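Let me begin by presenting the structure, written as structure tokens, before commenting on it.
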Amino acid sequence: MSTPIRSFEDLDCWKAGRELRLFVYRNVLPVLPHEERYRLGDQVLRAARSVTANIAEGYGRYHYLDNSKFCSYARGSCTEVLDHLITARDEDLISESLISQGRQKVERALQVINGYISYLKRTHVTDGKPGTAKPE
Numbered sequence: 001m002s003t004p005i006r007s008f009e010d011l012d013c014w015k016a017g018r019e020l021r022l023f024v025y026r027n028v029l030p031v032l033p034h035e036e037r038y039r040l041g042d043q044v045l046r047a048a049r050s051v052t053a054n055i056a057e058g059y060g061r062y063h064y065l066d067n068s069k070f071c072s073y074a075r076g077s078c079t080e081v082l083d084h085l086i087t088a089r090d091e092d093l094i095s096e097s098l099i100s101q102g103r104q105k106v107e108r109a110l111q112v113i114n115g116y117i118s119y120l121k122r123t124h125v126t127d128g129k130p131g132t133a134k135p136e
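No gaps in the numbering here: position 15 of the sequence shown is 15 in the UniProt record's numbering, and each next residue is one more.
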């Protein structure tokens, strides 16, 4: 039996987004040169933070379409993180290993976010709490 969802923190997509955000904070930012921490570093961290923030905000909405919309914003933020990582690699600021790890985190987050969006559209969750279907 699956664990009930009581908060956005219980969502697998939020957990995957959190892993991505922590990866950026703990692994990418420390290796960037000082001058890039306030340029590229700030941008990649903002994008990573936006993933979980949008999932949380969407969860707090009262209609499944709003929730889905914010999850699509989170999906866009994931691809923005990947673009910043590619830029960092192109400019020899991070290693090939680091971008490979980052790409895996992004792909995992995208996969789970897409699954959650499909779930929302299929079940028409209306009160921010998965499992409560919209009356037909």
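Idealized CB from N, CA, C, for every residue including glycine. Predicted model only: the values in this text are computed from it and were never measured.
To the nearest angstrom, how far is it from the Cα of residue i to the Cα of residue j?
| i | j | result |
| --- | --- | --- |
| Gln101 | Ile113 | 18 angstroms |
| Gln111 | His34 | 33 angstroms |
| Tyr64 | Asp92 | 42 angstroms |
| Thr3 | Glu9 | 12 angstroms |
| Lys121 | Ala74 | 16 angstroms |
| Leu29 | Arg37 | 6 angstroms |
| Leu11 | Asp66 | 16 angstroms |
| Tyr62 | Arg89 | 40 angstroms |
| Arg6 | Gln43 | 31 angstroms |
| Val81 | Ala48 | 6 angstroms |
Which word fits residue i, buried or exposed, when buried means at least 16 other C-beta atoms lie within 10 angstroms of its C-beta?
| i | result |
| --- | --- |
| Gly41 | buried |
| Gly17 | buried |
| Thr52 | buried |
| Ser77 | buried |
| Tyr116 | buried |
| Arg26 | exposed |
Got a sec, what are the start and stop residues for the alpha helix (DSSP H) residue i sits in?
| i | result |
| --- | --- |
| Phe23 | 12-23 |
| Arg39 | First-last for Arg39: undefined, no H or E at that position. |
4 or more residues per run - each alpha helix (DSSP H) lying fully within the region 47-124:
64-90, 96-123
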